[in-house]
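Asker: One line per chain: the protein sequences are Y and P, in this order. Following the working numbering, the numbering of the first sequence begins with 8 at its first residue and continues without gaps. Following the working numbering, the numbering of the second sequence begins with 44 at its first residue and continues without gaps. A single structure is presented below for examination.
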Amino acid sequence: MRQLLLLTSFLFITTACASTKPPNDKLTQVESTIQQAEQVGAENYAPLEIREARKKLAEARELSAKENYEKAKRTADRAMVDAELAQMKSLSEKAQKAVRQLRESIRVLQEEIQNNLDKTENRS
Amino acid sequence: MKNFQIKAFFIATIIIPLMAGCGGPPQNNPLLMEAERAYSQAESDSLIVMKAPVALKEAEEALEQSQQIWKEKGEKDLVEHYAYIAHQKTKIARETAQLNAAQDEVERAESERKEVLIEARKAEAIAAEQRAEKALTELQEEREEAEKARQKATELADRLSEMEARQSDRGMVLTLSDVLFDFDSATLNSGANKVVNEVSAFLKEFNDRTVQIEGFTDSIGSAAYNKDLSQRRADALKRALIETGIASNRITTIGYGEEFPVATNMNEAGRQQNRRVEIVISNENGVVSQRTE
């Protein structure tokens, strides 16, 4: 019985600790991930996702200010995945665009070569 | 009535939970179901499995947490929280896979582009070589043509000198003495045949040339008569040439009479020189330059 009491109180204390501490580190991490996403062009490539991340970060800050730390932490976690998605989507779109441009340049190059060959054949 | 209530209670409390228990935990949280559907799609996509295993694993972990809390009838907010994280992580896995695939593709395309450029340079080199060869051939042909032209010119000069033509301001001029005609006559004598044949052979060989036959006399007799005689003599020579097969439009004639003496008319030797027929040979364009004096 005494052991059970100890365990319960321990559990209570740890849970209490988790909720009494503002998730400042988490908020900073989200902030920096959002900035990274912005740097790779999220505003153009993933506008919905980046907006969602910013909105949730603002919510998380508000909750944290109201000392609702547990909810603030969860919201920050969700903001984090939004920001990560925005970043990854931007990088992916940009890379795919680069592929398309490269393929196009190869196509143009091949066309030019063919034209030159045709000209040469016509000349001789 | 009471019996029914008991029955209903029984069904509600025992049967339904039992049924639910048999079918596993009821999966009717829409957000969790959506996350599960997205995850199972991603999991069966070989590209994502291969190119984004870490992100996929993170999605799976979040999904399992969501399912766990759901099974334990935990807080709905928390179920949906992890479902959301799982869903977003699934999307991240998809984007990561596409990014990695695109980067591989960029690498492949870049090496392909290099190959194409190398091919282009090869093709350009071949084309340049062909052009050079063609230019060389053309040069050779030009040289051969020039050589042929030179040879022909030499032949022409040889033939003309054989016929004792002389170079004048108007080109090559062949002077025939009056011995081809009898006195006061415009009829060619038998001695003229050799000259006619020579001129004819020359015109046949150099078929771009034309000739102008000009007749001249000494000053004895009236000018009008002399002019007429010289014209008739020139025409006689033209007829003789036409008979050998030369086209009439290649031969023009003019009778100048006493005009343009080449020597004095005061003595017989000079008059002999003045009685003559000159054949002026055109340039290669068939043009005979006219007398300007």
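Heads up, the beta-carbon is just placed ideally off N, CA and C, and yes, glycines get one too. Quantities reported herein were computed from a predicted structural model and do not represent experimental measurements.
K119/P CB to nearest chain Y CB: under 9 Å?
Answerer: K119/P does not count as touching chain Y.
Asker: What does S33/P pair with, by DSSP beta-bridge criteria?
Answerer: This structure does not reach residue 33/P, given that chain P is present from 44 up to 336, and the question cannot be answered.
Asker: Quick one: Cα of L246/P to Cα of A175/P, how far?
Answerer: Each residue's Cα considered, the two are about 41 Å apart.
Asker: Whose CA, out of E111/Y, N122/Y, D89/Y, lies closest to the CA of E59/Y?
Answerer: Considering only alpha carbons, the answer is D89/Y.
Asker: Going by beta carbon distance, what residues of the same chain come within less than 6 Å of V330/P, once the five residues before and after it are set aside?
Answerer: If we look at V330/P and ignore the five residues flanking it on each side, it has no Cβ neighbours.
Asker: Quick check on Y82/P - is its C-beta less than 9 Å from some C-beta in chain Y?
Answerer: Not one chain Y Cβ lies under 9 Å of Y82/P.
Asker: Would you mind reading off the limits of the alpha helix (DSSP H) that contains V242/P?
Answerer: Where V242/P is concerned, the enclosing alpha helix (DSSP H) stretches over 235-248.
Asker: Can you give me the C-alpha to C-alpha distance between C65/P and Y82/P, rounded to a whole angstrom?
Answerer: Unreliable positioning characterises C65/P in this predicted model, as indicated by a pLDDT of 45, which lies under 50. A coordinate reading is not provided.
Asker: Does the separation of the CB atoms of E321/P and L223/P fall below 9 Å?
Answerer: No. Outside cutoff.
Asker: Using CA coordinates, which residue listed in A85/P, R275/P, N326/P, D251/P is at the minimum distance from G300/P?
Answerer: Per the Cα distances, R275/P.
Asker: So if I threshold CB-CB distances at 8 Å, which residues from the segment 86-108 of chain Y count as touching chain P?
Answerer: Cβ contacts with chain P come from V88, D89, E91, L92, M95, K96, L98, S99, A102, Q103, A105, V106.
Asker: Alpha carbon to alpha carbon, how far is E286/P from E188/P?
Answerer: Between E286/P and E188/P, the C-alpha separation is close to 33 Å.
Asker: If we ignore side chains and look at the alpha-carbon of each, how far apart do I91/P and T139/P end up?
Answerer: If I take the Cα positions, the gap works out to 8 Å.
Asker: Quickly, what does DSSP pair I256/P with across the bridge? List them, please.
Answerer: Answer is T296/P, I322/P, bridged to I256/P.
Asker: Keeping to the same chain, check which residues put their C-beta closer than 6 Å to that of E100/Y; ignore five residues upstream and five downstream.
Answerer: Excluding positions up to five away in sequence, the list reads Y52.
Asker: Could you name the residues of chain P that D32/Y contacts, counting a contact when the two beta carbons are closer than 9 Å?
Answerer: Neighbours of D32/Y on chain P: none; closest Cβ ~18 Å, over 9 Å.
Asker: Just to check my reading of the structure: A239/P and A283/P have Cβ atoms closer than 8 Å, yes? What is that Cβ distance to the nearest angstrom?
Answerer: Contrary to the premise, residue 239/P reads as Val rather than Ala in this sequence. Indeed, because the Cβ distance is near 5 Å, the residues count as touching under 8 Å.
Asker: Please identify, using Cβ separations under 7 Å, the residues of the segment 44-65 of chain Y that lie next to chain P, in order along the chain.
Answerer: Listed in sequence order: no entries.
Asker: Give the C-beta separation of A102/P and A85/P to the nearest angstrom, bearing in mind that I take them to be a contact with Cβ-Cβ under 8 Å.
Answerer: Right, their Cβ atoms sit about 7 Å apart.
Asker: Hey, how far is the Cα of L124/Y from the Cα of K177/P?
Answerer: Going by the C-alpha atoms only, they are around 15 Å apart.
Asker: Under 8 Å, CB to CB, which of the residues in the segment 125-149 of chain P have a partner in chain Y?
Answerer: Under the 8 Å Cβ criterion, the segment 125-149 of chain P contributes Y127, I128, Q131, K132, K134, I135, E138, T139, Q141, L142, A145, Q146, E148, V149.
Asker: Counting only the same chain and skipping the five closest in sequence on each side, list residues whose C-beta sits under 7 Å from that of A306/P.
Answerer: Within the same chain, A306/P has close Cβ partners G313, Q316, N317.
Asker: For the beta strand (DSSP E) containing R334/P, list its first residue and its last residue.
Answerer: Looking at the DSSP string, R334/P is not in any beta strand (DSSP E), and its letter there is neither H nor E.
Asker: Could you spell out where the beta strand (DSSP E) holding S291/P opens and where it closes?
Answerer: Looking at the DSSP string, S291/P is not in any beta strand (DSSP E), and its letter there is neither H nor E.
Asker: Assign F226/P to buried or exposed, taking buried as 16 or more other Cβ atoms, counted over all protein chains shown, within 10 Å of its Cβ.
Answerer: By the neighbour-count rule (16 or more Cβ atoms within 10 Å), F226/P is not buried but exposed.
Asker: So if DSSP puts G214/P in a beta bridge, which residue, or which two residues, is it bridged to?
Answerer: Note: G214/P sits in a beta bridge opposite S211/P.
Asker: Check this for me: beta carbons of E91/Y and I161/P, under 9 Å apart or not?
Answerer: The answer is no: Cβ separation not under 9 Å.
Asker: Rank F303/P, E311/P, N308/P by C-alpha distance to the C-alpha of Q333/P and give the top, closest one.
Answerer: Nearest C-alpha to Q333/P: F303/P.
Asker: What residues from chain P crowd round I120/Y, counting only those whose CB sits closer than 9 Å?
Answerer: Those within 9 Å of I120/Y in chain P are V159, E162, A163, A166, E167.
Asker: Just to confirm, are E205/P and E241/P a CB contact at a threshold of 9 Å?
Answerer: Yes.
Asker: Excluding the 5 residues flanking A129/P on each side, which residues of the same chain have their C-beta closer than 7 Å to its C-beta?
Answerer: Result list for A129/P: A78, Y82, A102, A105, L106, S109, in chain order.
Asker: Let me know if K126/Y comes out buried or exposed under the rule of 16 or more other beta-carbons within 10 Å of its beta-carbon.
Answerer: K126/Y comes out exposed.
Asker: Given that a residue counts as buried once 16 or more other Cβ atoms are within 10 Å of its Cβ, and exposed if not, what is M76/P?
Answerer: Exposed, by the Cβ-count rule.
Asker: Please tell me whether R110/Y has its Cβ less than 9 Å away from any Cβ of chain P.
Answerer: Taking Cβ atoms only, chain P reaches closer than 9 Å to R110/Y, which makes this a yes.
Asker: Measure how close the beta-carbons of V106/Y and E148/P come, nearest whole angstrom, since I'm counting them as under 8 Å.
Answerer: The pair is a contact, with the Cβ atoms about 5 Å apart (cut-off 8 Å).
Asker: Quick one: is C65/P near chain Y, going by C-beta distance under 9 Å?
Answerer: Any reading at C65/P must be qualified, since the residue scores a pLDDT of 45, below 50, and its modelled position is unreliable; the value itself is stated next. Not closer than 9 Å to any Cβ of chain Y, the Cβ of C65/P fails to qualify, so no.
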